[in-house]
Amino acid sequence: MSSTPLPTTTSRDRTLEPTPVGVDVGVKNLVAAAPTNGDLEASLVIEGDHVRKRHETLVEAMQALQGAKFDTTDGQTQLFAALWHQIRPQVYDAAVRAVRYAQKFPAPTLVLEDLSFCEATLWERRTVDDVGTWLLPALQQAVALKAQEVRIPVTYVNPKYTTQQCHVCGDLGRPENDTLECTTEDCPVGTVCRDRSAAVSIAQRVDREGMTEVIGHHD
Ligand SMILES: [Zn+2]
92 MSSTPLPTTT SRDRTLEPTP VGVDVGVKNL VAAAPTNGDL EASLVIEGDH VRKRHETLVE
152 AMQALQGAKF DTTDGQTQLF AALWHQIRPQ VYDAAVRAVR YAQKFPAPTL VLEDLSFCEA
212 TLWERRTVDD VGTWLLPALQ QAVALKAQEV RIPVTYVNPK YTTQQCHVCG DLGRPENDTL
272 ECTTEDCPVG TVCRDRSAAV SIAQRVDREG MTEVIGHHD
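The sequence shown begins at 92 in the numbering used here and counts up by one.
Dropping the structure here:
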């Protein structure tokens with residue numbers, strides 16, 4: 092939890108070469124963040140165990156309430172509000188830490204995946220079993236909001252294969268649960284943390300695709 096305001100990015104950063112910092116949002120790891128030339132050891136990872144357990148509680152309770160033979164709308168509303176009240180600080184804390192991490196680099200730009208979520212609200216998705224459909228849009232929104240507060244531009248890139256692509260050679264590797272194995276001969280990567288590798292791949296896409304859909308400028 093962070094109550095300290097983030098320092099605002101200063102105008103002198105304008106003259107520097109921008110550093111794209113990729114942010115991969117997820118469930119096991121809420122956030123993985125790394126710059127283009129990512130040293131995976133120095134990348135940021137924030138685990139999501141606590142949030143996942145809360146979400147399981149929420150879904151179970153919601154399903155129980157919906158199965159009741161009387162109107163439980165009020166109960167569902169209160170429970171949802173209570174659970175979101177517990178989860179929200181962690182979502183925003185992860186977002187603040189991601190932005191703070193990006194601020195360590197010269198003229199950072201945050202790069203997120205352009206995930207096409209259904210437009211349903213958190214409330215409408217309250218009984219969805221897959222925590223990702225619920226949590227990922229919330230995390231992305233929080234990261235974009237916190238970045239805008241300190242005037243760090245946010246850009247969105249094509250998410251295709253970001254978790255399968257080797258961040259060094261660009262070939263598609265062999266994904267396991269948490270890891271990605273690059274099987275390309277001569278590539279030094281071997282087996283790496285999948286989310287960290289994805290963060291680098293996301294950052295790299297800015298160079299290839301150009302900075303489109305930028306939100307917030309250094310004005
Ligand atoms: Zn490779």
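Every residue, glycine too, gets a C-beta built ideally from N, C-alpha and C.
Apart from the five residues just before and just after residue i, which ones in its own chain have a Cβ nearer than 6 Å to its Cβ?
i: Val-245; result: Leu-201, Ala-235, Ala-238, Ile-306
i: Glu-272; result: Gly-264, Arg-265, Thr-282
i: Pro-197; result: Leu-107, Thr-110
Go ahead and pull the three-state DSSP assignment for residue i.
i: Asp-269; result: coil
i: Gly-113; result: strand
i: Val-291; result: helix
Beta-carbon within less than 7 Å of residue i's beta-carbon, same chain only, minus the 5 sequence neighbours each way: which residues are those?
i: Pro-266; result: Thr-254, Gln-255, Arg-285
Could you spell out where the alpha helix (DSSP H) holding residue i opens and where it closes?
i: Ala-193; result: 164-193
i: Glu-147; result: 140-157
To the nearest angstrom, how far is the alpha carbon of residue i from that of residue j?
i: Glu-304; j: Val-248; result: The pLDDT assigned to Glu-304 is 42, lower than 50, so where the model puts this residue is not dependable, and the model offers no usable value.
i: His-146; j: Asp-277; result: 43 Å
i: Val-118; j: Phe-161; result: 33 Å
i: Pro-279; j: Asp-130; result: 13 Å
i: Thr-275; j: Ser-288; result: 15 Å
Closer than 8 Å by C-beta to residue i: which residues in its own chain qualify, once you throw out the five before and the five after it? Chain order, please.
i: Gln-318; result: No statement about residue 318 is possible, as the shown extent of the chain runs from 92 to 310 and does not include it.
i: Leu-121; result: Ile-137, Glu-138, Gly-139, Val-142, Gln-181, Val-182, Ala-185, Leu-226, Leu-230
i: Met-153; result: Gln-167, Leu-170, Phe-171, Arg-217, Thr-218
Counting along the chain, where does the beta strand (DSSP E) carrying residue i start and finish?
i: Thr-282; result: 282-284
i: Leu-121; result: 120-126
i: Val-259; result: Unbroken run through Val-259: none, as it is neither H nor E.
i: Tyr-247; result: 245-248
i: Glu-276; result: From DSSP, Glu-276 is part of no beta strand (DSSP E); its letter is neither H nor E.
i: Val-202; result: 199-204
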